[in-house]
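Heads up: the sequence shown begins at 133 in the numbering used here, then just goes up one per residue. Beta carbons: idealized from backbone N, C-alpha and C, even for Gly.
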Amino acid sequence: MLRELTIRNVAVIDALTVPFVPGLNLLTGETGAGKSILIDAIQLVLGARSSEDLLRSGADEAMVDAAFDLPDDPDARALLEAEGISVEPGEGLILRRHLFRDGRSKAYVGGRLTTAATLRALGERLVDIHGQHPGQPLLDPRRHREFVDAYAAILDDVADFRDRYGRWQELRRERDTIAAAEADRARRTELLEIQRREIEGAHLEPGEEAALSAERGILANHERLFS
């Protein structure tokens, strides 16, 4: 669940921290009071397209932080592991989005720089935003397999398969790395053997280089010696 939302320089909001508690939380107010800004901020920190219009007038940058309790969701944890982020059960997870006046934006997960696409993928596992027109998860083809697996009560089996498949991929990469090293070693051995045969075929003798250098010197001075 969403535990806390922190907003700076978004629309008409200068600085605001909104805590949430388990259960039902209600935000009430007259039209124009700014309720929709909170929704905009949540969507922004969940990877929605940024816009310069969201920055408060006179501000050069805006920031939204959202602190979540991470659900027991294998897909969410797989996304975090892919980003190199480890979150223990019961620990919180902080998502952050920075906007800049020049149109740039930065996204962070657990303090680690990431992409808006990663925020969107995590957001799909953390929040459902229901409105008058947005499509619901039931209409998202990417979620259909999950619904079928949940109906079949095999989510744990799916998570176990995903872990085993990930391990298999890791072992396959290790195997390929070892095979490549062995092939490189074989090529190196073959090259060294060719060089060894060439050296042996040259019938080199100790001191031969010095003798050849001396003979070269004599030949170079041949005309002067016999003139």
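In the three-state reduction of the DSSP assignment, LEU271 falls in the helix class, which pools H, G and I. The beta-bridge partner set that DSSP reports for GLU136 consists of PRO151 and ALA199. Between ASP207 and ARG252, the C-beta spacing is not below 9 Å. Judged by beta-carbon spacing, ARG140 lies beyond the 9 Å limit of ALA180, meaning their Cβ atoms are not closer than that value. Counting of Cβ neighbours within 10 angstroms places VAL142 among the buried residues, the total reaching 16 or more.
Beyond the five residues adjoining it in sequence on each side, GLU215 comes within less than 7 Å, by CB distance, of VAL241, ARG244, THR246 and THR250 in the same chain, given in chain order. The criterion of a C-beta distance shorter than 9 Å is not satisfied by ILE217 and ALA173. Sequence-distant Cβ neighbours of VAL196 in its own chain, meaning closer than 6 Å and more than five residues away, are ILE139, ALA173, LEU176, VAL177 and ARG229. Judged by their CB atoms, PHE200 and MET133 are nearer to each other than the 9 Å cut-off. Taken atom to atom, the span from the alpha-carbon of VAL219 to that of ARG329 is near 59 Å. Between the alpha carbons of GLU340 and ILE310 lies a gap of roughly 43 Å. Contiguous beta strand (DSSP E) elements confined to the stretch 267-341 do not occur, taking only those with 3 or more residues. Its chain contains LEU270 as the residues whose beta carbon lies nearer than 8 Å to that of PHE279, once the 5 sequence neighbours on both sides are disregarded; these appear in chain order.
Distance from the Cα of GLY155 is smallest, within the candidate group THR163, ILE171, ARG135 and ASP234, for ARG135. DSSP places VAL219 outside any beta strand (DSSP E), giving it a letter other than H or E.
Note that the C-beta distance between LEU227 and LEU254 is below 9 Å. The C-alpha of GLY224 lies about 6 Å from the C-alpha of LEU202. Taking the Cβ atoms as the reference, LEU170 lies roughly 6 Å from LEU159, within the contact range of under 8 Å. Membership of SER237 in any alpha helix (DSSP H) is not indicated; the residue belongs instead to the beta strand (DSSP E) covering 237-241. ARG209 sits buried, since 16 or more C-beta atoms from the chains shown fall within 10 Å of its C-beta.
GLU347 sits in a helix when the DSSP states are folded into three classes.
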